[in-house]
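**Student:** There's a structure below that I have some questions on.
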């Protein structure tokens, strides 16, 4: 799975993917993308997050040549997808969201077909490697329609890797996939990254982005509303929760503490305080003092960082729906 | 030119035919034998000769055309419609293959199947009648031209169809009647003058006429006219396919 189009060392290499002012309005008048600018560097794992209908699949479909852009420019490794479409497309692999597979062909045939379609010469060793890495080798001569949904998802991934792409799109790759396959896919994505493949994934499972991505982009209503390194994003927007395990259960938050953002949990045995890690004052000292003055004693405490999912919900809903 | 890509589509489509060998090859051949028995034996008993050719031999070119026209349309339409239906078309649209290469792969495979079927029927016919082929090279040329033209038509139908009903509509309700009314089983001299004139508007008539000429050296209209008409259909079909890819009609949003 070595990329075939590696750039010459020393040369300033263009981004793996560059979008400039990309717009798409469908015939129905629906504006799916509103002037999207985005650069994705080579070897990066980029997670594109967004609710349904945000424009994720449209964006991917335009880059892959399945949907025509209404305006703007797309370059893949510096190759314009319209002027230099053959080069650009030969670099891309796509795992679509829908489980669209052949039915009557065998696994090996369908994967080899994709390689041929991309103009690459037969390479049984590579096909074998791809099938083995996706635990499909035992099923190589099975007809696709006899496979389970999870196995067919693997077939789609194998097809996308058949021609050794440099830029791989995974559109909702683990939707409806069991835990085992999800783990295997994560391992595979890391392996691809080590080989220098750039991976762009869209997902609903924030866990996935959190697990794998270097950078996260959030798209909503056809606009990229944020692009940030994952750890920076979590740091910047992260909230922490301080959970205090009380020695005596409380029926309600005492009036003297009502000015703080507190809630009770576990039948009054836990008191939860949510705070912003980036705020000048987290308010923890004050909270502990107030608790002490109110005579509330606690036996244990711990803090939790909010997850990317909570950050995401917060962003998409414009902060109207704060994380729990 | 992505020749490997063309070959991938072509072999994929040919594999589909060989996988469904019974349906793809055996059933058209059996059907043709039935036509020989019914038309050749039943009707042939009442019609002695047409233009100096025994009736059994006279219908051989028409039968081959019947099969080639319907099979080309059906095979090519199904070949492109099924990926649209199952969603696997995304791959063809995303791959570095041009419109010309995609059409060459799909239409080439469908036309190849039709030519093979046509030759099989030709071979089968020797079991029933004696015939000679006066111009074998022209026979092959007309066979291939017809197979390609109607495979292109099938390709267009497959792109246009958004359901199995539409897919079946053209081969059974357009092509088949045109073939039957296009002088497949008779010479238009046998028709009343009004119907002779009507027949001249049937494109299939020119194909059958030219094809029959390549067998027996006689035809209803001159070969030059037929060849011009066939070339015209081919050009129209190519223009429509070119338009489909330029506009992305039912392929790309």
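Protein chains in written order, with our numbering: chain A, 124 to 447; chain B, 33 to 285.
In this text, a Cβ means the ideal position worked out from N, Cα and C, and glycines have one as well.
#1: Mind checking if residue 194(A) is an interface residue toward chain B, Cβ cutoff 8 Å exclusive?
#2: In terms of residue numbering, what span does the alpha helix (DSSP H) encompassing residue 260(B) cover?
#3: Quick check: residue 270(B) and residue 177(B), are their CB atoms within less than 8 Å of each other?
#4: Consult DSSP for residue 179(B) and reduce its assignment to one of helix, strand or coil.
#5: Mapping DSSP to helix, strand and coil, what is residue 356(A)?
#6: Suppose you measure from the CA of residue 531(A) to the CA of residue 239(A); what does that come to, to the nearest Å?
#7: Using only the alpha-carbon positions, how far apart do residue 168(A) and residue 127(B) sit?
#8: Flag residue 243(A) as yes when its Cβ comes closer than 7 Å to any non-hydrogen atom of the ligand FAD, and as no otherwise.
#9: Output the distance between the C-alpha atoms of residue 233(A) and residue 222(A), rounded to the nearest integer angstrom.
#10: In angstroms with no decimal places, state the Cα-to-Cα distance between residue 294(A) and residue 394(A).
#11: For residue 433(A), count neighbouring C-beta atoms within 10 Å of its own C-beta (all shown protein chains included) and say buried if the count is 16 or more, exposed if not.
#12: For residue 303(B) versus residue 100(B), is the C-beta distance shorter than 8 Å?
#13: Mapping the DSSP letters down to three states, classify residue 219(B) as helix, strand or coil.
#14: Go through its chain and collect everything with a Cβ distance to residue 186(A)'s Cβ below 6 Å, but skip five positions before and after it.
#15: Quick one, which residues of the segment 115-131 of chain B are near chain A if we go by CB-CB under 9 Å, in chain order?
#16: Does residue 40(B) have its Cβ less than 8 Å from a Cβ in chain A?
#17: Of all Cβ atoms in chain B, is any one closer than 8 Å to the Cβ of residue 127(A)?
#18: Can you give the Cα-Cα distance for residue 65(B) and residue 90(B), rounded to whole angstroms?
#19: Taking Cβ to Cβ, would you say residue 145(A) is nearer than 8 Å to residue 192(A)?
#20: Compute the Euclidean distance between the alpha carbons of residue 211(B) and residue 231(B), then round it to the nearest angstrom.
#21: When DSSP labels each residue in this structure, what does residue 56(B) get in the three-state scheme?
#22: Could you check if residue 425(A) is buried or exposed, using at least 16 other CB atoms within 10 Å of its CB as the buried criterion?
#23: Name, please, each residue of chain B whose Cβ falls closer than 8 Å to the Cβ of residue 534(A).
#24: Compare the Cα-Cα distances from residue 49(B) to each of 186(B), 227(B), 144(B) and report the closest residue.
#25: Would the segment 406-419 of chain A and the segment 364-375 of chain A be scored as touching if the rule is three or more Cβ pairs under 8 Å?
#26: Against chain B, with Cβ distances strictly below 8 Å, would residue 219(A) count as a contact?
#27: For chain B, is any of its Cβ atoms less than 8 Å away from the one on residue 342(A)?
#28: Pull up the CB-CB distance for residue 296(A) and residue 214(A), whole angstroms please, since I reckon it's below 8 Å.
#29: Per the DSSP calculation, residue 234(A) is bridged to which residue(s)?
#30: Report, in whole angstroms, the separation of the C-beta atoms of residue 278(A) and residue 291(A), which I expect to be a contact under 8 Å.
#31: Could you name the residues of the same chain whose beta carbon sits closer than 7 Å to that of residue 173(A), not counting the 5 residues immediately before and after it, in chain order?
#32: Hey, quick one: how far does the alpha helix (DSSP H) through residue 437(A) stretch, first residue to last?
#33: Determine, using beta carbons only, whether residue 396(A) comes closer than 8 Å to chain B.
#34: Would you mind telling me which residues of chain A sit closer than 7 Å to residue 284(B), beta carbon to beta carbon, in chain order?
#35: Going by other Cβ atoms of all chains shown within 10 Å of its Cβ, with 16 needed for buried, is residue 53(B) buried or exposed?
**Tutor:** Taking the structure as given:
#1: no
#2: 255-279
#3: no
#4: helix
#5: helix
#6: Absent from the structure is residue 531(A), since the part of chain A shown begins at 124 and ends at 447.
#7: 23 Å
#8: This structure lacks the ligand FAD, and indeed carries no ligand of any kind.
#9: 14 Å
#10: 40 Å
#11: buried
#12: Residue 303(B) falls outside the range modelled here, since chain B spans only 33 to 285, and no answer is possible.
#13: coil
#14: 197
#15: 115, 118, 119, 120, 121, 122, 123, 124, 125, 126, 127, 128, 129, 130
#16: yes
#17: With a pLDDT of 47 at residue 127(A), under the threshold of 50, the modelled position of this residue cannot be trusted; read the value that follows with caution. No - not a single Cβ of chain B is within 8 Å of the one on residue 127(A).
#18: 15 Å
#19: yes
#20: 11 Å
#21: helix
#22: exposed
#23: Residue 534(A) is absent from the model: chain A starts at 124 and stops at 447.
#24: 144(B)
#25: yes
#26: yes
#27: no
#28: With a Cβ gap of about 19 Å, residue 296(A) and residue 214(A) do not count as contacting.
#29: DSSP, once it has assigned bridges, lists no residue as partnering residue 234(A).
#30: About 15 Å; that fails the 8 Å criterion.
#31: 179, 341, 342, 343
#32: 431-439
#33: no
#34: 189, 190, 191
#35: exposed
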